[in-house]
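Inspection log for the structure reproduced underneath, given as structure tokens.
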Amino acid sequence: MDLKRYLQQNNNQFNWKERIKIIIQITKALSRIHKENISHKNLHSGNILYSHHYNYWYISDLGFCNPADKPLKSIYGNLSYIAPEVISGKEYSLASDIYSLSMLMWEISSGQPPFINYENGDYYLAINIVNGMRPKFVSGTPENCKKLMEKCWNADPSKRFKINKFKKRITEINKSFYNQKEIEIQKSNINSIDYNRKLCSKMYSFNDIPEPKNATKGLIFFF
Numbered sequence: 001m002d003l004k005r006y007l008q009q010n011n012n013q014f015n016w017k018e019r020i021k022i023i024i025q026i027t028k029a030l031s032r033i034h035k036e037n038i039s040h041k042n043l044h045s046g047n048i049l050y051s052h053h054y055n056y057w058y059i060s061d062l063g064f065c066n067p068a069d070k071p072l073k074s075i076y077g078n079l080s081y082i083a084p085e086v087i088s089g090k091e092y093s094l095a096s097d098i099y100s101l102s103m104l105m106w107e108i109s110s111g112q113p114p115f116i117n118y119e120n121g122d123y124y125l126a127i128n129i130v131n132g133m134r135p136k137f138v139s140g141t142p143e144n145c146k147k148l149m150e151k152c153w154n155a156d157p158s159k160r161f162k163i164n165k166f167k168k169r170i171t172e173i174n175k176s177f178y179n180q181k182e183i184e185i186q187k188s189n190i191n192s193i194d195y196n197r198k199l200c201s202k203m204y205s206f207n208d209i210p211e212p213k214n215a216t217k218g219l220i221f222f223f
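Going letter by letter, the sequence shown gives residues 1 to 223 in full-length UniProt numbering.
This is the structure in structure tokens:
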């Protein structure tokens, strides 16, 4: 089972301790990839798979296996998880994976994919992402989790945590939960038809995309 399906079926049945556990396992898997100085290039919840045998989450579909006929200046992936610098024409990097990881963390926190309700088309979603639009935090998201996501979806890739720092921080957050009362997250409303339709990787080719920037306060979030 992949992560998007798991969240769709189980989002209201587990607490923040369990959500953090999933994030830690994904982080460890990405750490092994980055240790080889390889970027995945196509991280999204359809590529995060659960092994019932090992009771563990792992990453599939390494993104360097792009379609052979991919045009030189096009992007392949799932737009909601693609880093803004990649949308604007830069190469994939380890830092762009960290951006995708922050989107996965938001998805695990909310139970639904980022920008799932966005209806203005791929081009305008791309423009808004490079202009700093990010998903809105759901009610009940712990402050330390918010800060970690904000750090790692920064428009400037040099300001994002590297994977080892991310792993250290999420481990610290995990430890803090064992000293706190369990925190439940509010119910998410997910349209299963749109959910399936929008979560496939595909080719994108955009023109006149500006340089990425962080949004000013008040314009940053979309839910």
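Ideal placement from N, C-alpha and C gives every residue a C-beta, glycine not left out.
Residue of I23, K35 and L79 minimising C-alpha distance to K202: L79
Inset, instruction - At 4 residues or longer, and completely inside the stretch 134 to 176: list those alpha helix (DSSP H) runs for me, N to C. - result: 143 to 152
Taking only three categories from DSSP, how would you classify L7? helix
Practice task
Give the secondary structure of L94 by DSSP, where H, G and I count as helix, E and B as strand, and everything else as coil.
Solution key: helix
*Quick one: Cα of S144 to Cα of Y178, how far?*
Looking at the sequence itself, residue 144 is Asn, so the reference to Ser does not match. Spanning the two alpha carbons is a distance of roughly 14 Å.
Taking the alpha carbon of S39 as the reference point, which residue from L7, S51, L30 and R134 has its own alpha carbon closest? L30
Boundaries (first-last residue) of the alpha helix (DSSP H) holding K202: Segment K202 to Y204 is the beta strand (DSSP E) holding K202; no alpha helix (DSSP H) there.
request  = Measure the CB-CB distance between D122 and Y204 and report whether it falls below 8 Å.
outcome  = yes
inquiry  = By alpha-carbon positions, which one of Y81, A83, L62 and I87 ends up nearest to S74?
reply    = I87
Tell me, which residues are paired with G77 by DSSP? K202
(request) Put I48 into one of helix, strand or coil per three-state DSSP. (result) strand
Range of the contiguous alpha helix (DSSP H) that encloses Y123:
D122 to V130
### Query
So what does D2 bridge to, in DSSP terms?
L49
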